[in-house]
Structure formats: structure tokens, C-alpha cells
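Residue numbers (our numbering): 4 to 442.
The beta carbon of each residue, even a glycine, is placed where N, CA and C say it ideally should be.
Here the structure is laid out as C-alpha cells; the discussion comes afterwards.
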């Protein structure tokens, strides 16, 4: 039997993996995952679930909803992708990652099926998660889609509740080049007679959701109609908010160990989802929100508005598309710093020219590339940036760029790492202890 390390090497090198190689790994139907789950005896039918799609924020909402449900005493499975430091981050019960021996045993178990079905890396990880949650008898699983919705491997679920966070331009080669087309793909997770909460009400996409929901007989809710949120205070390591619903007499306060530019919308969406789920299976929503004081540790939340260090000020954020980077850089002026040092890398299947208009002019740039085949070479990124008047230093590894930026920054400067989940992941891996990543 392979070791855990040998099993990961096998999965990474022998299977199509979108995280590493990009579009060639994308499957345009659900045939493989259906066949694989049939081979396993349909574990996806053995636990209730909440299914989450969207362009930005779906990982954050997944962790916020899971943390809330965990605080009520539920055993909560969490499936997200991609991972940052360790493959096991994808499949968790609370903050406890799937055990290495469970990963090995699952891959050994499906060897015969793999030879016949020829599943992708993502299809295997989805099946692994569903089997693990069934074996561990979770009370509920919160499942994030990988790409899109309609044809995503997670879309074999029959969830209790669906959530769609927002719609932006990303993965246009698969999902379409307009917001309504992308919304149509995300709306594919809406199931018959299943409530769906929409995080952001957008003029271009709301009609798509209303039509799909009507077709499926699914109750449709905009998060802003269910709850109202207001920020009261931003703290060094968190934030204080108040919230209410139309049914409540007054406001209630909730403290989080999170902050950042995306939190208001993600918080509203998550609150609305918990409130709506409580109508299906009653529980104390206020108790659920007490779990938000320890989201990072409670459900292992990484890489989003993540302070790698406060002194010196080093901030990591996984924003990588137009919508995400726009919001990120709109928020930066709220941080006091003298000079900005920006470690920036992207992937070859995205057009960085679409995000250059959002990048700050007043910054010291360090162009880099992650150690994955999908990464855009740093030299190519540097050339494209120069066409837009952005100049900086270039390194062929993330660690080299990070160390160059860290040694160049002054005591009152800010170092920001963004542009690609994979770039952020490599910085997190430099020092897992500093990054609050479990051993």
C-alpha cells in the first residue's frame, strides 16, 4: 500500500488536475462522478448538505456557515477547493482535516473503478469527500462548488439549501463571456423545491435566477431581504457587527475574528443562509453566531485577508479576478502604511490585462510565478505589466519574490501578496506556524 505522500504524488502526476494544468482537466459532463458514486454505493445520499456556488466569496461563505452550524453542536463536514498547504484542507470535519490514512485507503479502494472510469483529480476528491462524510456520519456537510455549478462534480447533491454568492467575470472560456451566461451556469445548482439564497442582487443576473427558481419550484431569496448588517467596529484581529431580520424587534451584535473588504457581503449572505436554514430545521441562530468569534481556528479558514504578520505588516489575499481585485484595492487605503510592496502572480489561462486597471500605481512591484504548470511565467507577466506602465522586479519563484519584498520593506510599509491562490499558498507554506496552519 502506498504512503500518504506516495498517494498524493500519484494523484498529482497521473490524473488531470485543473489546479495545476488548467483547462485540459475540465470535464464537461457529470458522467464520471455519477459512475464513481454509483460504484461507491452513493455516499452523497447519506447526509444532508448545503451547496454553495458563486464567482467570489463562496469559500468564505462556506466557512462562515460551517462555523455557525458547528457552534450549535452539529458535526459539520466541509468541502472546499483548492487547498493552500495540504491536500487534506479540502475535506474537513470542523477544523479537523481528513486523516492521511483515509486518503490512502480511499484511493486504494477505487483502483479498479479508476481504471475503468478514468476520473479526474477533482472528481476523485469530490467522491472522497462524500464517502468520508458518509463514513463519519456528519450531521450536515457544507459543500463548495469547484468551477461553475451546472456541470461541477459537486452538483450531484440534493441539498437542503442552495447559496449563490455573486456573479463576476471569471473562467469565461467555460462559463460564458457575459454575466447572464455565467449566472446560468451557477444557477445549475438550484434544485426542485429547494430554497436558494442569492448573496448579491445584480440587475444582469437576477432575472436568470428568478427564471431558474420558478422552473424548479424553488423558493428564492435575496440575502438583503432576509437580514440587514452594519459594521460597528473594526479591530486588530477581527470586527464587530450588528444584524437584524424583519421579524426581530431590534439589533443583535455579533463579533468575528475576521475583517476585510469582502466581509460585509459574505456576512450578509451567510447570516441569511443560516436564518433560512433555521426555518427548515430550527436551531438557535444567536448560538450559531457565537462560533464566528473563532472562524479561522474553528473551521481552518486560510488565505483571505490573512495577516501573515502584523509587524512587519504582511497581508495575503486570494483575490485573483476583476471583481475580487477591485474590491481589495478599494479597501487598501483604510490601512495606514508608508509604501506598498506588491508580490503579484497569476495563471496563464487568465488575462492579467483585465485586472491591470485596478492595480495601484504607487507600489513597488515584485512579479512572480507559482510552482504549478498553470502559472504565467514571471517574465511574461512583467512584459505585459510594462505595457500598462507597471515596472518592478522579477523572480522565478514565489519564495524569492517574497523574501526580496520582505527585506526591501521599511518598518512602516505594507507587503501585500495577491493575484493567485497558488501564490498565496506558497507564502503560507513558507512558515505554517506563523500562518496558523495546523500540523
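Closer than 7 angstroms by C-beta to residue i: which residues in its own chain qualify, once you throw out the five before and the five after it? Chain order, please.
i: residue 86; result: 92, 93
i: residue 2; result: For residue 2 there is no data in the structure shown, the boundaries of the chain being 4 and 442.
i: residue 116; result: 39, 42
i: residue 10; result: 106, 107, 110
i: residue 436; result: Legend: pLDDT at residue 436 = 46, less than 50; position of this residue unreliable, no value from coordinates given.
i: residue 382; result: 397
i: residue 422; result: 323, 347, 348, 349
i: residue 266; result: 242
In angstroms, rounded to a whole number, what distance separates the CA positions of residue i and residue j?
i: residue 253; j: residue 261; result: 24 angstroms
i: residue 371; j: residue 353; result: 15 angstroms
i: residue 241; j: residue 234; result: 11 angstroms
i: residue 431; j: residue 146; result: 23 angstroms
i: residue 144; j: residue 96; result: 9 angstroms
i: residue 335; j: residue 118; result: 50 angstroms
i: residue 134; j: residue 407; result: 44 angstroms
i: residue 305; j: residue 125; result: 20 angstroms
i: residue 155; j: residue 270; result: 25 angstroms
i: residue 88; j: residue 373; result: 13 angstroms
i: residue 196; j: residue 219; result: 6 angstroms
i: residue 298; j: residue 77; result: 15 angstroms
i: residue 378; j: residue 31; result: 23 angstroms
i: residue 16; j: residue 246; result: 47 angstroms
i: residue 394; j: residue 307; result: 26 angstroms
i: residue 238; j: residue 90; result: 32 angstroms
Excluding the five sequence neighbours on either side, which residues of its own chain have a C-beta within less than 6 angstroms of the C-beta of residue i, listed in chain order?
i: residue 361; result: 328, 329, 332
i: residue 103; result: 7
i: residue 186; result: 170, 208, 211
i: residue 101; result: 91, 94, 135
i: residue 442; result: The predicted model places residue 442 with a pLDDT of 36, which falls under 50 and marks its position as unreliable; any figure quoted below should be read in that light. Nothing listed; no residue qualifies.
Considering only their Cβ atoms, is the gap separating residue j from residue i smaller than 8 angstroms?
i: residue 264; j: residue 163; result: no
i: residue 424; j: residue 405; result: no
i: residue 295; j: residue 259; result: yes
i: residue 426; j: residue 358; result: no
i: residue 98; j: residue 257; result: no
i: residue 248; j: residue 229; result: yes
i: residue 47; j: residue 159; result: yes
i: residue 221; j: residue 194; result: yes
i: residue 367; j: residue 337; result: no
i: residue 58; j: residue 83; result: no
i: residue 81; j: residue 280; result: no
i: residue 348; j: residue 384; result: yes
i: residue 340; j: residue 365; result: no
i: residue 127; j: residue 14; result: yes
i: residue 130; j: residue 36; result: yes
i: residue 33; j: residue 123; result: no
i: residue 272; j: residue 226; result: yes
i: residue 60; j: residue 268; result: yes
At least one CB of chain B closer than 8 angstroms to the CB of residue i: is that the case?
i: residue 326; result: Absent from the structure is chain B; it holds one protein chain and no more.
Note down, in chain order, each residue of its chain lying with its Cβ closer than 8 angstroms to the Cβ of residue i, except the 5 sequence neighbours on either side.
i: residue 283; result: 163, 164, 198
i: residue 139; result: 78, 80, 96
i: residue 363; result: 332, 335, 343, 345
Practice prompt. Please specify which runs of the beta strand (DSSP E), each continuous and at least 3 residues long, are wholly inside the region 309–376, giving them in chain order.
Written response: 309–312, 316–319, 343–347, 367–370
Discussion item. For the region 317–328 against the region 201–212, do three or more pairs of beta-carbon atoms, one drawn from each stretch, fall closer than 8 angstroms, so that the two count as touching?
Written reply: no
Worksheet entry | the region 62–76 / the region 271–286 touching (three or more Cβ pairs under 8 angstroms) | yes
Fill in: Cβ contact check for the region 289–299 and the region 220–238: 3 or more pairs under 8 angstroms
no
Item to complete: Kindly confirm or deny that the region 413–420 and the region 387–397 touch, where touching means at least three C-beta pairs closer than 8 angstroms.
Response: no
Worksheet item: Hey, which unbroken runs of the alpha helix (DSSP H) at 4 residues or more fall wholly within the region 63–135?
Response: 103–112, 114–120
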